[in-house]
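The structure appears right after this line, and notes come after that.
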Amino acid sequence: HPRKTFFNFRNSLFSLVKNVPGAQVILLIFSRLILDGIAGIMFVFQGKPRHTWAIVRAHFSFYSHLALFLRKRKKLARRGKYSKISSVVKAYYIEGKKRFRQL
Numbered sequence: 011h012p013r014k015t016f017f018n019f020r021n022s023l024f025s026l027v028k029n030v031p032g033a034q035v036i037l038l039i040f041s042r043l044i045l046d047g048i049a050g051i052m053f054v055f056q057g058k059p060r061h062t063w064a065i066v067r068a069h070f071s072f073y074s075h076l077a078l079f080l081r082k083r084k085k086l087a088r089r090g091k092y093s094k095i096s097s098v099v100k101a102y103y104i105e106g107k108k109r110f111r112q113l
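Heads up: the sequence shown is residues 11 to 113, going by this note's numbering.
Here is the structure:
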C-alpha cells in the first residue's frame, strides 16, 4: 500500500539521521535521494505511480522535519546517551531495565 511505502521511506531516512555518526549522514542522505529516485522510477514501470508519489511525499516530509531531528540529535549527543545502548536484550533481561528511559 502507498501509505506503507511512505512511512518506510520516510522513517528509514529519519533513522539515518538519528544513528549515522558525524558528516557521513550528509553523504548517505544524498545517496538515498538517488536510490529512492531509482525506486520511484521502478514503481512507475511496474504500474504503481501512487508508490512513486509516496516516495516523493516521504522526502518532502523528511526534509520539512530535518531541522527538528538535527536538534534532537545534538541534544542527545550532549547528554552522552547518543547510540550508547549496546544491547537492549541485555539491558532488559540481565540489568532489569524495564522502561526505555532507564536505558
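For every residue, glycine included, the Cβ atom is placed at its ideal position computed from N, Cα and C.
Here His11 carries a coil assignment [DSSP, helix/strand/coil].
Shown here, Pro31 sits in coil according to DSSP, grouped into three states, outside any helix or strand. The beta carbon of Ala68 is closer than 6 Å to those of Phe16, Phe19 and Arg20 in its chain, skipping five residues each way along the sequence. DSSP places Arg111 within a helical segment (H, G or I) once states are collapsed to three. With fewer than three CB-CB distances shorter than 8 Å, the region 100-111 does not count as touching the region 49-61. Secondary structure at Ile104: coil, using DSSP grouped into helix, strand and coil. Exclusion of the five residues before and after Ile65 leaves Phe19, Asp46 and Gly50 as the residues of its chain whose Cβ lies within less than 6 Å of its Cβ.
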